[in-house]
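Data block below; observations after.
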Amino acid sequence: MKKGILSFAVLFLLVFSVNAQMDNLANMSAKWMRTNVRNATLDGGGDMVNYNPAGLAMLSDGIYVSLSNQTMFRHPEHSFNFLNTDLSYEQDGCDPFLPMFYAAWKKNRIAISSGVYITGGGATVNYPDGSINTIMMGYSISPGNQITNQSLKASSYYLTVPLNFSYAINDKLSLSAGARFVRGINKTEAEIAYSSVVFDVDYKSNANGWGGIIGIDYKPCNRLNIALHYETKVKLEFEAKDNKGSMSLEADGTKSKRDLPAVLSSGIAYHISDKLIAETDFNYYFQKRADWGQLTDPTSGEVVDASDAAGNCYTANLGFRYLLNDKLELSAGCSYTHFNYDNIELYYTKMGLYEALKYNNLNVGFGAGYYITKNIQLDLGFGRTFWKDKTVNSLSAQKALGTEFPVNLTDKSYVLAIGVDLRF
Numbered sequence: 015m016k017k018g019i020l021s022f023a024v025l026f027l028l029v030f031s032v033n034a035q036m037d038n039l040a041n042m043s044a045k046w047m048r049t050n051v052r053n054a055t056l057d058g059g060g061d062m063v064n065y066n067p068a069g070l071a072m073l074s075d076g077i078y079v080s081l082s083n084q085t086m087f088r089h090p091e092h093s094f095n096f097l098n099t100d101l102s103y104e105q106d107g108c109d110p111f112l113p114m115f116y117a118a119w120k121k122n123r124i125a126i127s128s129g130v131y132i133t134g135g136g137a138t139v140n141y142p143d144g145s146i147n148t149i150m151m152g153y154s155i156s157p158g159n160q161i162t163n164q165s166l167k168a169s170s171y172y173l174t175v176p177l178n179f180s181y182a183i184n185d186k187l188s189l190s191a192g193a194r195f196v197r198g199i200n201k202t203e204a205e206i207a208y209s210s211v212v213f214d215v216d217y218k219s220n221a222n223g224w225g226g227i228i229g230i231d232y233k234p235c236n237r238l239n240i241a242l243h244y245e246t247k248v249k250l251e252f253e254a255k256d257n258k259g260s261m262s263l264e265a266d267g268t269k270s271k272r273d274l275p276a277v278l279s280s281g282i283a284y285h286i287s288d289k290l291i292a293e294t295d296f297n298y299y300f301q302k303r304a305d306w307g308q309l310t311d312p313t314s315g316e317v318v319d320a321s322d323a324a325g326n327c328y329t330a331n332l333g334f335r336y337l338l339n340d341k342l343e344l345s346a347g348c349s350y351t352h353f354n355y356d357n358i359e360l361y362y363t364k365m366g367l368y369e370a371l372k373y374n375n376l377n378v379g380f381g382a383g384y385y386i387t388k389n390i391q392l393d394l395g396f397g398r399t400f401w402k403d404k405t406v407n408s409l410s411a412q413k414a415l416g417t418e419f420p421v422n423l424t425d426k427s428y429v430l431a432i433g434v435d436l437r438f
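First residue of the sequence shown: 15, per the numbering used here; consecutive thereafter.
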């Protein structure tokens, strides 16, 4: 039993010491949810603070404020055969709050902007009946005993506060520079119970970091706008605290690194007519340059950087806005996300990947913006994300059982977003 408990502890240290998600978010406003594009917009939405900070200096003088929230309904599911028994586990519940706030002040050629929003994570992994990871942990503790209860719940949020300064060199070109403060907030809870003993984990881990932001916006003619901005890597070292479980696997004060990767965001917006606007975005996430700790291959003992196993990532987006009249704007768009895994099976040895699936997907969004008054716009957006069914072998299970262990993955998710923009 002691050997099994040690294996359980070592496994948890490996998988819970860092957040298991591909971290950067793209959906950071209600306007994005209904268009899937914002990097080159000049429509005066307050979320330009995040998507096109340089473009703020091209707007009319005034104050721009944006408030929005997204509610996510995610349905990741994984199934497998364990000791001749077919098992399946899926996410329970929804994520009701993903709030965003942006504000900008523009005067003459200068704009100053800030906000508070979630730039990474933003969701809770909730498996009240356990998952493949709790099954394998229970098996490693006591192969001959039956698990009577198991659960897994973990959340991750990267709370971000930027400060940008933008300057219009002329009517066609503007630049921006700034910084952002990131507060990483993770919480992990898990339980495995037998008839006479319970093993549980309950602790938090937080980190603070700073990064830079630079941007450029170029408008060669009235119908065309091109924008680019770069967010540097944010170094984050998480420190465990508030251990409440029966097993203190990361003692208070234990530190582990999980940087927020750098991202290069680009966009083009073109007015096809006075009413129809087409936009395209491309974002590239430099995950391999981030420090995400190391992974050990359970089957070979090879040690590699976790970010190398994950590889880089990109999104390619296309969206349209149609101005139906002076008050109502209709919009729709799509976004394709591609994960350039170097070793997906090794990366999936981390806790949370089978539970919060991360592989290629397509998001489709649509919605509308309605001007209640000239300076108040209400946004409503709806999104659906599609994944193809996929099989990823569990190396941890393969090591424990001595045979190939395929895990079948399926997922779908929906997002409802509502927001309001104010202009003074």
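The C-beta atom is built at its ideal place from N, Cα and C for all residues, glycine as well.
Extent of the continuous beta strand (DSSP E) to which residue i belongs
i, result
"Asn147", "Premise fails: Asn147 lies in the alpha helix (DSSP H), Ile146 to Ile155, not in any beta strand (DSSP E)."
"Lys201", "Leu187 to Ala207"
"Ser287", "Counting along the chain, Ser287 falls outside any beta strand (DSSP E), and DSSP gives it neither H nor E."
"Asp266", "Looking at the DSSP string, Asp266 is not in any beta strand (DSSP E), and its letter there is neither H nor E."
"Glu418", "First-last for Glu418: undefined, no H or E at that position."
"Trp401", "Per DSSP, Trp401 belongs to no beta strand (DSSP E) and is neither H nor E."
"Thr484", "Absent from the model: residue 484. The displayed extent of the chain is 15 to 438, so no value can be given."
"Lys255", "Glu251 to Lys255"
"Glu245", "Leu238 to Glu245"
"Asp231", "Val212 to Cys235"
"Ala431", "Lys426 to Arg437"
Beta-carbon proximity of residue i to residue j, cut-off 8 Å
i, j, result
"Ile155", "Phe94", "no"
"Glu253", "Ile227", "no"
"Gly397", "Val378", "yes"
"Val429", "Thr85", "yes"
"Tyr116", "Gly129", "yes"
"Asn178", "Ser190", "yes"
"Asn66", "Asn53", "yes"
"Val215", "Met261", "yes"
"Asp295", "Ala44", "no"
"Tyr172", "Ile230", "no"
"Asp356", "Gly325", "yes"
"Pro333", "Gly347", "The sequence as given places Gly at residue 333; Pro does not occur at that position. Yes, the pair counts as a contact, with Cβ atoms nearer than the cut-off."
"Ile146", "Ser427", "no"
Assigned exposure category for residue i - 16 Cβ within 10 Å defines buried
i, result
"Ala431", "buried"
"Ile390", "exposed"
"Leu442", "With the chain represented from 15 up to 438, any question about residue 442 goes unanswered, as that position is not in the structure."
"His92", "buried"
"Ala34", "Confidence at Ala34 is low in this model, with a pLDDT of 33, below 50, so the placement of that residue should be treated as unreliable; the coordinate-derived value is given next. Buried: at least 16 other Cβ atoms inside 10 Å."
"Asp425", "buried"
"Ala265", "exposed"
"His89", "exposed"
"Leu423", "buried"
"Gln160", "exposed"
"Ser345", "buried"
"Ile206", "buried"
"Arg2", "Coverage of the chain is limited to positions 15 through 438, which leaves residue 2 absent and any answer about it impossible."
"Pro234", "exposed"
"Val139", "buried"
"Tyr153", "buried"
"Asn375", "buried"
"Ser113", "Residue identity differs from the one stated: residue 113 is Pro in this sequence, not Ser. Exposed, since its Cβ has fewer than 16 Cβ neighbours within 10 Å."
"Lys402", "exposed"
"Val406", "buried"
"Leu342", "exposed"
"Lys218", "buried"
"Arg48", "buried"
"Val317", "exposed"
"Leu20", "Residue confidence is low: Leu20 scores 38 on pLDDT, short of 50, so the model does not pin down where it sits. Its coordinate-derived value is still stated next. Per the 10 Å Cβ criterion, exposed."
"Trp306", "buried"
"Glu369", "buried"
Continuous alpha helix (DSSP H) stretch holding residue i: start and end
i, result
"Gln412", "Leu409 to Leu415"
"Val63", "Met62 to Tyr65"
"Tyr361", "Ile358 to Tyr361"
"Arg272", "Element bounds for Arg272: n/a, residue is neither H nor E."
"Ser165", "From DSSP, Ser165 is part of no alpha helix (DSSP H) but of the beta strand (DSSP E) over Asn163 to Ala182."
"Arg48", "Ala44 to Thr49"
Distance between beta carbons of residue j and residue i, contact taken as under 8 Å
i, j, result
"Trp119", "Ile183", "Contact flag wrong, Cβ pair sits at about 19 Å."
"Ala304", "Glu293", "That belief does not hold up - the Cβ atoms of Ala304 and Glu293 are roughly 28 Å apart, past 8 Å."
"Thr363", "Pro312", "6 Å"
"Ala68", "His243", "7 Å"
"Ser180", "Ser188", "6 Å"
Quick one: complete beta strand (DSSP E) runs, 3+ long, within the stretch 87 to 126? 91 to 96, 99 to 104 and 113 to 121
What are the uninterrupted segments assigned as alpha helix (DSSP H) that are 4 or more residues long and contained completely in the stretch 302 to 364, given in chain order? 320 to 324 and 358 to 361
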